[in-house]
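Visitor: To convert a position in the sequence shown, counted from 1, into the numbering used here, add 10. Following this message is one structure expressed as structure tokens.
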Amino acid sequence: GSVSLKLFLRGMSLMFPSDFTYSPAPRTTVSRMLPSAAPIGEASTVKLYVDKLPGVERADQIQVVFQLGTVSVPASKTYTAVRPSLNMFEVQSYEINVDVPTTIETQGLY
């Protein structure tokens, strides 16, 4: 939708000549996952390449879970902005390194 903007400055009210229009946020996508398979019971790392993700300040803003049916196993992860020179609040691409859980068979996923 569109909204009208007013600027209030020292008792004056200024109207902007045109409306401000909100546009939909770009759709976040996972563009790659490498590798797509790993041996069970061995420590492995999966790299997720995510495009158009809203800016990330802290690792706890990203959650990765391995899930089969009703069983969920959280995975630890780190992330890196693909273009670290961009402002952290910009929509951008990230590389997310996920440690594959090694206890999946005891969690009922395997």
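Yeah, the Cβ is synthetic: ideal placement off N, Cα and C, and Gly gets one too.
Which value, in whole angstroms, describes the spacing of the CA atoms of T55 and M25?
Guide: One C-alpha to the other measures close to 54 Å.
Visitor: Please classify Q102 as buried or exposed, where buried requires at least 16 other C-beta atoms within 10 Å of its C-beta.
Guide: So Q102 ends up on the buried side.
Visitor: If T31 sits next to S12, beta carbons under 8 Å apart, how far is it from one beta carbon to the other, in whole angstroms?
Guide: Indeed, because the Cβ distance is near 5 Å, the residues count as touching under 8 Å.
Visitor: Going straight from the alpha carbon of F76 to that of E52, what length do you get?
Guide: When rounded, the distance between both Cα atoms is 15 Å.
Visitor: Of all the options L17, N107, P34, which has the alpha carbon lying nearest to the alpha carbon of V74?
Guide: When only C-alpha atoms are compared, the closest one is N107.
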